[in-house]
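A.B. asks: One structure, as structure tokens, below. Some questions next.
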Amino acid sequence: MATKKQTATKSAGKGSTGKGTGKGAAKAPAKDADTKSSSKSAFDNASAKKDAKSGPASRKGRAVQVKQPKPWGMILTFSGVGVVALGLIGAAVFVVWDRSQPPEGVTDFYGDYANYSEVSAALSDGDITEEDLDNPWVVQQNHIDADEDTTNDTPVYDVTPPAGGNHLGQWQTCTGSVYAAAILDGNAVHSLEHGAVWLTYDPALVDGDGISDLSEKITGRDYTLMSPYPGLGTAVSLQAWGVQYQTDDLNDPKIDEFLDYYIQNADNTAEANAVCSGGVSTTVEDAAQMPTG
Amino acid sequence: MTGLWRRPAVLIAITAVLMLAAGGAVGWVVGTSGPGNDSVEAGFARDMITHHQQAVDMAMYEWQNGSDETMKSVAYDIATAQSAEMGMYRTWLRQWGVQLSSGEPMAWAGEEHAHDSEASGLMPGMATDDQMAEFKTTTGTDADVMFANLMIDHHIGGVDMAKAALDLTDNALVADAAQRTITVQQAEIENLEGHRDRILSTIEN
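Protein chains in written order, with this note's numbering: chain A, 1 to 293; chain B, 1001 to 1205.
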């Protein structure tokens, strides 16, 4: 009993809340079940703790606790509110995260970075230099024909078909343009810089029906272009700046997903607001016939 | 832990913090999202970009190859103003976190309009590839007149699209832009007709 008394005094001395409710309960015992139980519970809890430490006396503490059933109503109410609140937070995080996810299976050349915007931000912040990148060409956007020397005007690319890098000064018109013959890499890469998606196919692997199915996806859809790519090795390869997706299945739903996601993608456009009209329609053959300086 | 259930003040505080966080999270989602990918608003913005794109293309050609100074000024006005509007529409789409491009033009405007565009593969008022190719062989007064004719049709289609959007949207931003398009393009149709007739009568005399 001495232990209990001591604890009671201690608990009452701890805070004015305990003291106040205790007083109220004593004055009007039947006034409010809640007030009573809360004041008592504070008391019991403190004593239970103390008892657990002091060993044999703990039996007394337990006996008192049995008389106090757990406040299930309160537990359920607060748990419920807590679960709903956490659920809402979780859902919000998911929704915002999911909004910005690219389609699965796309090869991206940005290394540790998610997209063009992140790489260029890291570069301009001075966190990294071009040499730190796995594929420095994702941030190389010069016109290789912008000098007097015309002997080095054919860009060389690490990836086939190219998905970015230095390019020619003129872009390939990409207003949903379907080219029947191969086009210059350097012009097409400039179109990618403008936010276009370039669909290439291997003419040895895709027949006439296949070509017309593919061209239906492209014709008239601004910021797209399509051309054969002899020697490609896979039926279809889609390129946007810094990303690529290849498939042998002409009905692969990822083709449409890639188009939907990457055309003019906000985070992946190397030159925002540039247009697809006003470019060239030059094919590889045209270029070969042009007189060279 | 059991002690927690016996301290309403602490419980209420924790719950209040959780509920505030949940409210904040919901606000975050709502605040960072706008009309959805398949909404009228997103569809209208996307299609206006494509539609404007062709108008800019026509106007740039007229600016370079036409001969009537006033018609060239009209072209200059259309090319610059519509380019700026395209940037505005793109900004909307990016802020809403939706696609900048869709494989189904005019689907947002309902059956009737979608059907129109399916038949020709083009949005209302847009010039066909053949018409564009023909236009780009013209120069001087021929270019002035053909530019006016193509642009009048183009604007009539643009006004139709804007009216459809105005009927279907509750979004103030979009309704405002649609209304502006209707007002500006209707006025421009009259101006284009007037200048075209003036140029034609000069040729005849």
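All residues carry an ideal CB built from backbone N, CA and C; glycine is no exception.
Since this is a predicted model, take the numbers as computed values, not measurements.
Count the other C-beta atoms from every protein chain shown that fall within 10 angstroms of the C-beta of B:Q1099, then say buried if there are 16 or more, exposed otherwise.
C.D. replies: Along the second sequence, read from residue 1 onward, the residue named residue 1099 of chain B stands at position 99. Classification for B:Q1099: buried.
A.B. asks: For chain A, find out if any of its Cβ atoms is closer than 7 Å to the Cβ of B:S1101; answer yes or no.
C.D. replies: In the second sequence, counting from the first residue as 1, residue 1101 of chain B sits at position 101. Chain A, which has a Cβ nearer than 7 Å to the Cβ of B:S1101, makes this yes.
A.B. asks: So A:Y262 and A:L232 are supposed to be a Cβ contact under 8 Å. How far apart are they, rounded?
C.D. replies: In the first sequence, the residue the question calls residue 262 of chain A occupies position 262. In the first sequence, the residue the question calls residue 232 of chain A occupies position 232. Not confirmed; about 19 Å, so no contact.
A.B. asks: How is the alpha helix (DSSP H) around B:S1101 delimited, first residue to last?
C.D. replies: Taking the first residue of the second sequence as 1, we reach residue 1101 of chain B at position 101. Careful: B:S1101 lies outside any alpha helix (DSSP H) and carries neither H nor E.
A.B. asks: Please state whether DSSP places A:I183 in a helix, a strand or coil.
C.D. replies: Counting from one through the first sequence, the residue named residue 183 of chain A turns up at place 183. In the structure shown, A:I183 sits in a strand (DSSP, three-state: E or B).
A.B. asks: Which value, in whole angstroms, describes the spacing of the CA atoms of A:A188 and B:A1059?
C.D. replies: Position 188 of the first sequence, counted from the start, is the residue given in the question as residue 188 of chain A. Position 59 of the second sequence, counted from the start, is the residue given in the question as residue 1059 of chain B. Spanning the two alpha carbons is a distance of roughly 25 Å.
A.B. asks: Hey, is A:S191's beta-carbon within less than 7 Å of any beta-carbon in chain B?
C.D. replies: Counting from one through the first sequence, the residue named residue 191 of chain A turns up at place 191. Chain B, which has no Cβ nearer than 7 Å to the Cβ of A:S191, makes this no.
A.B. asks: Specify, as a first and last residue, the run of the alpha helix (DSSP H) that B:V1056 falls within.
C.D. replies: Along the second sequence, read from residue 1 onward, the residue named residue 1056 of chain B stands at position 56. That run of the alpha helix (DSSP H) goes V1040 to N1065.
A.B. asks: Classify A:P69: buried if its beta carbon has 16 or more other beta carbons within 10 angstroms, exposed otherwise.
C.D. replies: As a first step, residue 69 of chain A must be located in the first sequence, where it is residue number 69. Flag for A:P69 reads exposed.
A.B. asks: Determine the chain B residues that contact A:N273 at a beta-carbon separation under 9 Å, and present them in chain order.
C.D. replies: As a first step, residue 273 of chain A must be located in the first sequence, where it is residue number 273. By Cβ distance, chain B contributes S1083, M1086, G1087 and R1090.
A.B. asks: Check each candidate in A:D153, A:L250, A:V243 and A:V284 and name the one with the smallest Cα separation from A:V138.
C.D. replies: As a first step, residue 138 of chain A must be located in the first sequence, where it is residue number 138. The shortest Cα separation from A:V138 among A:D153, A:L250, A:V243 and A:V284 belongs to A:V243.
A.B. asks: Scan the stretch 1159-1193 of chain B for residues whose Cβ lies nearer than 9 Å to a Cβ of chain A and list them as they occur along the chain.
C.D. replies: The residues in question: there are none.
A.B. asks: Does the beta carbon of A:G20 sit closer than 7 Å to a beta carbon anywhere in chain B?
C.D. replies: Along the first sequence, one-based indexing puts residue 20 of chain A at 20. With a pLDDT of 42 at A:G20, under the threshold of 50, the predicted position of this residue should be treated as unreliable, and no value is reported.
A.B. asks: If you measure from the beta carbon of A:L238 to each beta carbon in chain B, is any gap under 7 Å?
C.D. replies: To locate residue 238 of chain A, count along the first sequence from 1; it is residue 238. Not one chain B Cβ lies under 7 Å of A:L238.
A.B. asks: Just the C-alpha distance for A:A294 and B:E1111, rounded to the nearest angstrom, thanks.
C.D. replies: Since the first residue shown for chain A is 1 and the last is 293, residue 294 of chain A is missing from the structure and cannot be characterised.
A.B. asks: With the cut-off set at 7 Å, would you say A:W171 and A:G87 are in Cβ contact?
C.D. replies: Residue mapping note: residue 171 of chain A aligns to position 171 of the first sequence, counting from 1. Residue mapping note: residue 87 of chain A aligns to position 87 of the first sequence, counting from 1. In this structure, A:G87 does not lie closer than 7 Å to A:W171 by Cβ.
A.B. asks: Just to make sure I have the definition right: I need the residues of chain A whose C-beta is within less than 7 Å of the C-beta of B:Q1064. Which are they?
C.D. replies: Stepping through the second sequence from its first residue, residue 1064 of chain B is reached at position 64. Per Cβ cutoff of 7 Å: no residues; B:Q1064 is ~10 Å from chain A at best.
A.B. asks: Over the uninterrupted beta strand (DSSP E) stretch that includes A:V200, give me the two end residues.
C.D. replies: Here residue 200 of chain A refers to the residue found at position 200 of the first sequence. The sequence as given places Thr at residue 200 of chain A; Val does not occur at that position. Note, A:T200: beta strand (DSSP E), V197 to Y201.
A.B. asks: Taking B:L1011 as the query, report the chain A residues whose CB atoms sit under 7 Å from its CB, ordered along the chain.
C.D. replies: Looking up residue 1011 of chain B in the second sequence gives position 11. The answer, in chain order, is F78.
A.B. asks: Considering only the alpha carbon of each residue, which of B:A1025, B:L1018 and B:G1036 lies closest to B:T1169?
C.D. replies: On the second sequence, residue 1169 of chain B is found 169 positions in, with the first residue counted as 1. Checked all of B:A1025, B:L1018 and B:G1036; the closest Cα to B:T1169 is B:G1036.
A.B. asks: Looking at the unbroken alpha helix (DSSP H) that takes in A:Y238, where does it start and where does it end?
C.D. replies: As a first step, residue 238 of chain A is located in the first sequence; it is residue number 238 there, counting from the start. Looking at the sequence shown, residue 238 of chain A is not Tyr but Leu. First-last for A:L238: V236 to A240, but that is the beta strand (DSSP E), not the alpha helix (DSSP H).
A.B. asks: Taking only beta carbons into account, state which residues of the stretch 1042-1053 of chain B come closer than 8 Å to chain A, listed in chain order.
C.D. replies: Listed by position along the chain: I1049, T1050 and Q1053.
A.B. asks: Quick one: residues in its chain with C-beta nearer than 6 Å to the C-beta of A:V106, no 5 flanking neighbours on either side, listed in chain order?
C.D. replies: What you label residue 106 of chain A is simply residue 106 of the first sequence in a count that begins at 1. Only V243 and Y245 meet the Cβ criterion.
A.B. asks: Roughly how many angstroms separate the alpha carbons of A:P136 and A:E130, rounded to a whole number?
C.D. replies: Position 136 of the first sequence holds residue 136 of chain A. Position 130 of the first sequence holds residue 130 of chain A. So the alpha carbons of these two residues sit roughly 5 Å apart.
A.B. asks: Looking only at C-alpha atoms, which of A:S124, A:P161 and A:P228 sits nearest to A:G210?
C.D. replies: Taking the first sequence and counting its residues from 1, the one referred to as residue 210 of chain A is at position 210. Comparing Cα-Cα distances from A:G210 to each of A:S124, A:P161 and A:P228, the minimum goes to A:P228.
A.B. asks: In its own chain, which residues sit with a C-beta less than 6 Å from the C-beta of A:T234, not counting the 5 before and 5 after it?
C.D. replies: One-based indexing of the first sequence puts residue 234 of chain A at position 234. Excluding residues within five positions, the ones whose Cβ falls inside 6 Å are Q246 and D248.
A.B. asks: I'd like to know if A:G111 contacts chain B, where contact means its C-beta is closer than 7 Å to some C-beta of that chain.
C.D. replies: As a first step, residue 111 of chain A must be located in the first sequence, where it is residue number 111. No, A:G111 lies away from the interface with chain B (no Cβ there is under 7 Å from its Cβ).
A.B. asks: Where does A:A33 land, buried or exposed, given buried means 16+ other C-beta within 10 angstroms?
C.D. replies: Residue 33 of chain A sits at position 33 when you count from the first residue of the first sequence. In this prediction, A:A33 has a pLDDT of 45, which is less than 50 and means its spatial position is unreliable; what the coordinates show is noted afterwards. A:A33 should be labelled exposed.
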